[in-house]
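Chains as they are written, first to last, in the numbering used here: chain A, 1 to 370; chain B, 1001 to 1370.
Reading through the structure tokens given below for one structure.
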């Protein structure tokens, strides 16, 4: 049942290595399902907060454009593909390759967005979020959470493991706000899609948000849904339910960085019993980021394994991809989690080498669209 | 791979027996996924058309209440459960039992309804339909169809076979209109949720609808999407896409009667290559109905197998269930298809006897809610 796993070239474990080995063994050769929950808040349109879009206004299109890429291989709600200023492509380009090579089924969950994607998605009754400086960021949290639970439960019945991920612009700022409201991390360790992580701006916004929400550090430790309602984003409630619902049945990879850590913290607060079924899956790029500390962030939540796919764009012929090595983009749209799931579900048949080759093939086509 | 199938006590084959055996063999012991696509048109509120609801107005709640029953075991959008006048319960009571005993995963697809269900569902951009006598019954057909294709494709990747079904009130009338527009059946062979099938009324409505749509018998033979747009219902476009998308990969049980025959006819017109992957799954009650002819209807579409679950309520202690034997309800919410899938996926471990027992247990609880 548990064949020897030698994927050290492709996936490196940080944190909780024994627990990681146990969970990875259960996922090895299993049937994986990938999910991506989209959401946004108007926080992403505050100039300087989010680089996940060529302009602040375009950040509202990015989540939907990302999942259109996954489903159709091209965007419909906007021209071209989501890029950071400078033309660096969305991490969905990695996810596309992982899904294609592994033939993993995948589902989109609409947590609530301003621009609806042209794909079939699970509706959970979510609405796009407000600027978190209102202290009333997300509507309909309870309903979205409960519907997420049902989706997780259903997907947990017919799959061996699940990847939960997100595309939610401005999401590291909202994640920081939730993590502070819950008292998980005081220091600003969160990442950014830019190497020039605008930490001061994020701190200022989060302070204003918490003040408007009437919550100080740790005040909402035991009320994660309330923390999300006040200062979170619309990706979170459904994704939180999804993770809990699925992890009660099967192992779950939380594919992402800062944002999925916020979901993880909330999930473990609501149902601590799932701790043996959750692992964070991210990228080497995020692990190596000098401006954030995903390893410490995960540790601050609990004894939860952290795995990183070892994709390396150093020798890529494309400038837009090499930029990942300089700290751009790094993570998002479950790119790390989907790549790890592709390796595990195919017993290592899909590896970083094949992923890289496929990403290059796809990116060549995508460059024609930009 | 193909163990001997002896399920003749539980499932009887009508039409195309060899093809049936071949398809059933491929489903035996396989991983099944159940889907139910909901929709409605205002046609169901024409007094006398639909008995799937205690009053004409309540027929608009029935599809959503049905899927709430499947997901939550109780209704949320209305009190009690959907009943025919006289208190005869929705066939979702059978589907609930089949899903519970087989532990089959299931998904709800919202083709477009007036009353949104309180469950997570696939949104395909559908809207509730108009009265077909307008000749402009359904909006957004192409988008819903295409998104259905994607859902079918995705579910086809991770399952061994799929059940497509419907809950759409007034749906036998809209199905008759589409079947006539496509020139599949001239005679009114369609069934009804009432033993007093209001055939004359249905004929009159269909005639008015076709006139308003500017289409005579067979005019839209090669344009099924256009037939649906003019005189169909909002369940059809998404379900049509779903069936085609899935049947290109795996066997599909079209679970239902008249309405799924209309979907089948449209699907085979669009993609005849799926004919070796489709089978109609229904109930003994519908086969035995003296006022309709599902066997001839399926034959008129093609050489497609028809299987019927042999559930028998003759000795049921409950009057509301015994009414099925007198011609009430008979089919809907994929009750026949889900029951057949439960038998096949569990290699006969779930059978009619166990289904009956579970239905009685559930119904006892449900009677407390009515």
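From the three backbone atoms N, C-alpha and C, an ideal C-beta is built for every residue, glycine too.
Asked                                                                                                                                                                      : Found
Given a threshold of 16 other Cβ atoms within 10 Å of its Cβ, counted over all protein chains shown, does residue 118(A) qualify as buried or as exposed?                  : buried
Is residue 177(A) near residue 206(A), with beta carbons less than 8 Å apart?                                                                                              : yes
With a threshold of 8 Å between beta-carbons, can residue 317(A) be considered close to chain B, or not?                                                                   : no
Under 8 Å, CB to CB, which of the residues in the segment 149-168 of chain A have a partner in chain B?                                                                    : 150, 151, 154, 155, 157, 158, 159
Answer with buried or exposed for residue 293(A), where buried requires no fewer than 16 other C-beta atoms within 10 angstroms of its C-beta.                             : buried
Alpha carbons only, please: which of 169(A), 247(A), 263(A), 266(A) is nearest the one belonging to residue 56(A)?                                                         : 169(A)
Would you call residue 1002(B) buried or exposed, if buried means 16 or more other Cβ atoms sit within 10 Å of its Cβ?                                                     : Per-residue confidence for residue 1002(B) stands at a pLDDT of 48, beneath the threshold of 50, marking its modelled position as unreliable; no derived number is given.
Helix, strand or coil for residue 38(A), going by three-state DSSP, please let me know.                                                                                    : strand
Could you check whether residue 1010(B) and residue 1357(B) sit closer than 8 Å to each other, using their CB atoms as the reference points?                               : no
Just the chain B side, please: which residues come within less than 8 Å of residue 123(A) by C-beta, in chain order?                                                       : 1110, 1120, 1121, 1122, 1123
Could you check where the beta strand (DSSP E) with residue 186(A) kicks off and where it finishes?                                                                        : That residue, residue 186(A), is in no beta strand (DSSP E); it is neither H nor E in DSSP.
Please state if the CB of residue 26(A) and the CB of residue 156(A) are separated by a distance shorter than 8 Å.                                                         : no
If you measure beta-carbon to beta-carbon, which residues of the segment 77-103 of chain A are closer than 7 Å to chain B?                                                 : 103
Using 8 Å as the limit for Cβ to Cβ distance, is residue 34(A) near chain C?                                                                                               : No chain C is part of this structure, whose protein chains are labelled A and B.
So, using beta-carbon positions, are residue 114(A) and residue 60(A) closer together than 8 Å?                                                                            : yes
Spatial neighbours of residue 158(A) within its chain, please: C-beta separation below 6 Å, excluding the five flanking residues on both sides.                            : none
Could you check whether residue 237(A) and residue 126(A) sit closer than 8 Å to each other, using their CB atoms as the reference points?                                 : yes
Measure the alpha-carbon distance for residue 1112(B) versus residue 1327(B) and round it to whole angstroms.                                                              : 29 Å
Report the partner residues of residue 197(A) according to the DSSP bridge assignment.                                                                                     : According to DSSP, which records beta bridges pairwise, residue 197(A) is partnered with nothing at all.
Listing by chain order, which chain A residues have their CB less than 8 Å from the CB of residue 1105(B)?                                                                 : 154, 155, 157, 158
Under the assumption that residue 239(A) contacts residue 166(A) (Cβ atoms under 8 Å), give the Cβ distance between them as a whole number of angstroms.                   : 6 Å
List the DSSP bridge partners of residue 1168(B).                                                                                                                          : 1039(B)
Short of 7 Å in beta carbon distance, which residues of its chain neighbour residue 1064(B), apart from the five on each side in sequence? Order them along the chain.     : 1038, 1077, 1113, 1115, 1116, 1117
Kindly indicate the opening and closing residues of the alpha helix (DSSP H) around residue 124(A).                                                                        : First-last for residue 124(A): undefined, no H or E at that position.
With a CB to CB cut of under 7 Å and the five nearest residues on each side skipped, what residues in its chain are close to residue 1299(B)?                              : 1015
Find the residues of chain A that neighbour residue 1127(B), judging by a C-beta separation of less than 8 Å, and give them in chain order.                                : Correct list: empty, because the minimum Cβ distance to chain A is about 14 Å.
What does residue 71(A) touch in chain B if you count any residue whose Cβ is under 7 Å from its own?                                                                      : 1150
Apart from the five residues on each side of it in sequence, which residues of its chain come closer than 8 Å, Cβ to Cβ, to residue 58(A)?                                 : 78, 82
Go to residue 336(A), then tell me how far its beta strand (DSSP E) extends in each direction, as first and last residue.                                                  : Unbroken run through residue 336(A) is the alpha helix (DSSP H), 335-345; no beta strand (DSSP E).
Measure how close the beta-carbons of residue 91(A) and residue 319(A) come, nearest whole angstrom, since I'm counting them as under 8 Å.                                 : The pair is not a contact, with the Cβ atoms about 16 Å apart (cut-off 8 Å).
Flag this pair as touching only if the segment 1282-1293 of chain B and the segment 1190-1204 of chain B have three or more C-beta atom pairs under 8 Å; answer yes or no. : yes
Quick one, are the C-beta atoms of residue 1144(B) and residue 1333(B) less than 8 Å apart?                                                                                : no
Under 8 Å by Cβ, that's how I've got residue 1352(B) and residue 1283(B) pegged, so tell me the actual separation to the nearest angstrom.                                 : At roughly 11 Å, the Cβ-Cβ gap does not stay under 8 Å, so residue 1352(B) and residue 1283(B) are not in contact.
Please state the DSSP three-state secondary structure of residue 1052(B).                                                                                                  : coil
Excluding sequence positions up to five away, which residues of its chain have a Cβ less than 7 Å from the Cβ of residue 85(A)?                                            : 51, 54
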